[in-house]
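A short worksheet on the structure shown next.
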Amino acid sequence: MTAAVPNPATQPRRYTLSRRHALIGGACLCCLPAGARATDGEIVEVAPGVFMRRGVDEDATAANLDAIANIGFIVGRDSVLVTESGGSLADGQWLRQAIKAATDKPIRYVVLTHVHPDHFFGAGAFTPDDPVFIGHAKLKAALELRGDFYRQRLVDILGAERTGPVVLPTRVIEDTGEIDLGDRVVTLKAHGPAHTLCDLSMIDRASGLLLPSDLLFVKRVPSIDGSLLGWLKELSALKAMGAAKAVPGHGPLVVDLAAAAGDLERYLTALRDGVRAEIAANGSIENAVKTVGQAERGHWLLFEDYHARNVIAAYKELEWE
Amino acid sequence: MTKASRLITVAALSLGLALLGFGAAARADEQAERLAHWQDIATLLFGDHPLQKGDGVIALDAPVRADDAALVPMTISIAPGNSIKGLYLVIDENPAPVATHFVFGPAADPSEIKLRVRVNAYTNVHAVAEMQDGRLLETVRFVKASGGCSAPMSMSEEDAKKGMGEMRLKLAGDATPGKPADAMLMVRHPNFNGMQMNQVSRLYTPARYIQTVTVTDGAAKVFDLEADISLAANPVIGFRFIPQPGGTLKVAVTDSDKGHWEKSFPLPVPSN
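Here the protein sequences line up with chains E and S, keeping their order. Under the numbering used here, the first residue of the first sequence is numbered 1, with each subsequent residue one higher. Under the numbering used here, the first residue of the second sequence is numbered 1, with each subsequent residue one higher.
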């Protein structure tokens, strides 16, 4: 692979890791100026040695190549860890190209944060590097249940060539784990049922940044595919991990953890309390869909596309309490 | 033809049409094709017994676009003053179109039935009331949804079977004898429809779904329900019944794997 890969998030604009962006890395996180926020589809050094690309707040289309999640990499003394691989083979190839442009160090680790396609279809781009693919202990079973289904749907949108294969984890995290990139330790944590049944989060010890992937949605409406009650519990756990800043799975690249988690907590709590009230009043799932959480509408992008489904998921979970 | 064999024939017909590319070819005259498909199903179910428009008697409430194709809530209502014997819900484009067939007993108030179903493709959904006087009254809604039958599960087969057969009954208020009461029956059951594939083994999780639900109040029947693979996992059935004096609602459920579960629910009577 030689030619520059089209930047998936901003086609047809082409990717360059410009000096300007590389220089941002000279500033530490705490004094990162507000004006230095990422723009769509560019790699930004959000902390020394931590490089991220903002995903677009859309669903997968042929134009965006499913480059909708925040993806990136962490560079240590000896090697590179890919925090999220991307939403398609093409997205992953773009990221790999960006890594090669930034460093000569080998890509040793690729993290598969959970079972959703916008986070794992980029993994196929990294097989030439023969990395360790890291995932939650329950990720493999989840990919076996759903991987091909997701693949078929993405192939329908992007074509087989740009979609890529389903890559299974080669190292699983049961509870916690550590990766040493050379003077740079990244700790991993496997969470209980929350956003999905196989969510993995990371903390980069050098920068103190938390990378919770889709356990933290910012601006984009969350989707519940694990457990509403479990997610509220894991959010509390995330907040107790001691990080001040986080890179959410969707939304701005770096956010204040307490504030962002608070917004998500507010949404999930509104859902939980509203659905419980509807159930207690012998209501119906249809009525819950119409009424619950409507005050949240103005706070989230793609609310219309996901909220009703979230109410149904919450109802299914809570009606058996 | 027995009812069971008719249902199987309907399922086979529908699958056959799908295999022949019925869906894709239908674009030229989709409306006509959908109508013809429904007429095939109706002929298999009702023979040459004519169906009439049920306006004013039977109504079907279903979302125009499903939020979750694997759980689409639907409500069938019958206007007061109409005595009905049975009720069909048919999801035309599902692999086994007949989702439910209710036969009501003397303790039923068939004025409202609430169901949650799977919808596999854009489809007409028909509700047909079999009236006591022999008429068949139909109503139809078009529902946009897809993949509700083949959507992969989020958990393993083992986990999905946990608690299978557990039942709950929720009543809206007291059960005053003779006064119609709203009830909601919940049954834990994965309702595997045989279309959910394990992507690595390439094997389909074997179908295992609720086939019959019988509800009685004391000695009086509320309803017999024949169901098929279209009911959503962990089925919830809303119905109305006329509480009998000193009654206890008894629910019996069977599934396609010879599973059998029963539970009795004493009815709360008004305290004064």
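Beta carbons are placed, not taken as given, at the ideal position from N, Cα and C, and that holds for glycine.
So for residue i, helix, strand or coil by DSSP?
{"i": "residue 316(E)", "result": "helix"}
{"i": "residue 57(S)", "result": "coil"}
{"i": "residue 139(S)", "result": "strand"}
{"i": "residue 191(E)", "result": "coil"}
{"i": "residue 40(E)", "result": "Residue confidence is low: residue 40(E) scores 48 on pLDDT, short of 50, so the model does not pin down where it sits. No coordinate-derived value is stated."}
{"i": "residue 69(S)", "result": "coil"}
{"i": "residue 307(E)", "result": "helix"}
{"i": "residue 254(S)", "result": "strand"}
{"i": "residue 109(S)", "result": "coil"}
{"i": "residue 161(E)", "result": "helix"}
{"i": "residue 129(E)", "result": "helix"}
May I ask which residues mark the beginning and end of the alpha helix (DSSP H) holding residue i?
{"i": "residue 39(S)", "result": "30-46"}
{"i": "residue 158(S)", "result": "157-160"}
{"i": "residue 152(E)", "result": "139-158"}
{"i": "residue 237(E)", "result": "228-239"}
{"i": "residue 193(S)", "result": "Note, residue 193(S): premise wrong, no alpha helix (DSSP H); not H, not E."}
{"i": "residue 288(E)", "result": "285-291"}
Find out if the Cβ-Cβ distance for the pair residue i, residue j is shorter than 8 Å.
{"i": "residue 154(S)", "j": "residue 197(E)", "result": "yes"}
{"i": "residue 209(E)", "j": "residue 54(E)", "result": "no"}
{"i": "residue 222(S)", "j": "residue 81(S)", "result": "no"}
{"i": "residue 213(E)", "j": "residue 84(E)", "result": "yes"}
{"i": "residue 213(S)", "j": "residue 233(S)", "result": "no"}
{"i": "residue 124(E)", "j": "residue 92(E)", "result": "yes"}
{"i": "residue 171(E)", "j": "residue 134(E)", "result": "yes"}
{"i": "residue 308(E)", "j": "residue 275(E)", "result": "no"}
{"i": "residue 327(E)", "j": "residue 255(E)", "result": "Because chain E here runs from 1 to 321, residue 327(E) falls outside it and cannot be looked at."}
{"i": "residue 174(S)", "j": "residue 270(S)", "result": "yes"}
{"i": "residue 127(S)", "j": "residue 88(S)", "result": "yes"}
{"i": "residue 220(E)", "j": "residue 251(E)", "result": "yes"}
{"i": "residue 137(S)", "j": "residue 54(S)", "result": "yes"}
{"i": "residue 69(E)", "j": "residue 87(E)", "result": "yes"}
{"i": "residue 123(S)", "j": "residue 91(S)", "result": "yes"}
{"i": "residue 96(S)", "j": "residue 229(S)", "result": "yes"}
{"i": "residue 224(S)", "j": "residue 103(S)", "result": "yes"}
{"i": "residue 48(E)", "j": "residue 79(E)", "result": "no"}
Please report the distance separating the alpha-carbon of residue i from that of residue j.
{"i": "residue 150(S)", "j": "residue 93(S)", "result": "13 Å"}
{"i": "residue 195(E)", "j": "residue 247(S)", "result": "44 Å"}
{"i": "residue 50(E)", "j": "residue 103(E)", "result": "12 Å"}
{"i": "residue 145(S)", "j": "residue 99(S)", "result": "16 Å"}
{"i": "residue 29(S)", "j": "residue 59(S)", "result": "27 Å"}
{"i": "residue 101(S)", "j": "residue 211(S)", "result": "10 Å"}
{"i": "residue 110(E)", "j": "residue 190(E)", "result": "15 Å"}
{"i": "residue 152(S)", "j": "residue 151(E)", "result": "12 Å"}
{"i": "residue 122(E)", "j": "residue 142(E)", "result": "17 Å"}
{"i": "residue 257(S)", "j": "residue 189(S)", "result": "12 Å"}
{"i": "residue 66(S)", "j": "residue 62(E)", "result": "24 Å"}
{"i": "residue 131(E)", "j": "residue 169(E)", "result": "10 Å"}
{"i": "residue 236(E)", "j": "residue 216(E)", "result": "12 Å"}
{"i": "residue 39(E)", "j": "residue 200(E)", "result": "Because residue 39(E) sits at a pLDDT of 37, beneath the cut-off of 50, its placement in the model cannot be relied upon, and the following sentence gives the value as read from the coordinates. Taking the straight line joining both Cα atoms gives about 26 Å."}
{"i": "residue 184(E)", "j": "residue 211(E)", "result": "15 Å"}
{"i": "residue 76(E)", "j": "residue 257(E)", "result": "24 Å"}
{"i": "residue 240(S)", "j": "residue 117(S)", "result": "19 Å"}
{"i": "residue 81(E)", "j": "residue 205(E)", "result": "13 Å"}
{"i": "residue 262(S)", "j": "residue 193(S)", "result": "22 Å"}
{"i": "residue 63(S)", "j": "residue 180(S)", "result": "27 Å"}
{"i": "residue 71(S)", "j": "residue 317(E)", "result": "13 Å"}
{"i": "residue 121(S)", "j": "residue 74(E)", "result": "44 Å"}
{"i": "residue 263(E)", "j": "residue 133(S)", "result": "59 Å"}
{"i": "residue 120(E)", "j": "residue 186(E)", "result": "19 Å"}
{"i": "residue 204(S)", "j": "residue 147(E)", "result": "14 Å"}
{"i": "residue 268(S)", "j": "residue 172(S)", "result": "10 Å"}
{"i": "residue 26(S)", "j": "residue 140(E)", "result": "Note that residue 26(S) scores a pLDDT of 46, beneath 50, so its modelled location is shaky; the value from the coordinates is reported in the next line. Going by the C-alpha atoms only, they are around 39 Å apart."}
{"i": "residue 85(S)", "j": "residue 252(S)", "result": "20 Å"}
{"i": "residue 113(E)", "j": "residue 111(S)", "result": "49 Å"}
Between which two residues does the beta strand (DSSP E) containing residue i stretch?
{"i": "residue 276(E)", "result": "Looking at the DSSP string, residue 276(E) is not in any beta strand (DSSP E); the run it does join, the alpha helix (DSSP H), is 257-280."}
{"i": "residue 261(S)", "result": "260-266"}
{"i": "residue 95(E)", "result": "It is not in any beta strand (DSSP E) - residue 95(E) instead sits in the alpha helix (DSSP H) that spans 89-102."}
{"i": "residue 116(E)", "result": "It is not in any beta strand (DSSP E) - residue 116(E) carries neither H nor E in the DSSP assignment."}
{"i": "residue 77(S)", "result": "72-78"}
{"i": "residue 164(S)", "result": "Note, residue 164(S): premise wrong, no beta strand (DSSP E); not H, not E."}
{"i": "residue 88(S)", "result": "84-91"}
{"i": "residue 74(E)", "result": "71-75"}
{"i": "residue 253(E)", "result": "Element bounds for residue 253(E): n/a, residue is neither H nor E."}
Does at least one heavy atom of the ligand PLP sit under 7 Å from the Cβ of residue i?
{"i": "residue 172(S)", "result": "By its list of ligands, the structure shown contains no ligand whatsoever, and the ligand PLP lies outside what it can speak to."}
Residues of chain A with a CB under 8 Å from the CB of residue i: which are they?
{"i": "residue 71(S)", "result": "Included in the structure are the protein chains E and S, with no chain A among them."}
Next item on the list: At 3 residues or longer, and completely inside the stretch 201-236 of chain S: list those beta strand (DSSP E) runs for me, N to C.
Entry: Those beta strand (DSSP E) runs which fall completely within the stretch 201-236 of chain S and span 3+ residues are 210-217, 220-227.
Item checked: Continuous beta strand (DSSP E) assignments of at least 3 residues falling wholly in the stretch 169-227 of chain E -> As far as the stretch 169-227 of chain E is concerned, its whole beta strand (DSSP E) runs of at least 3 residues are 171-173, 176-180, 185-190, 200-204, 209-217.
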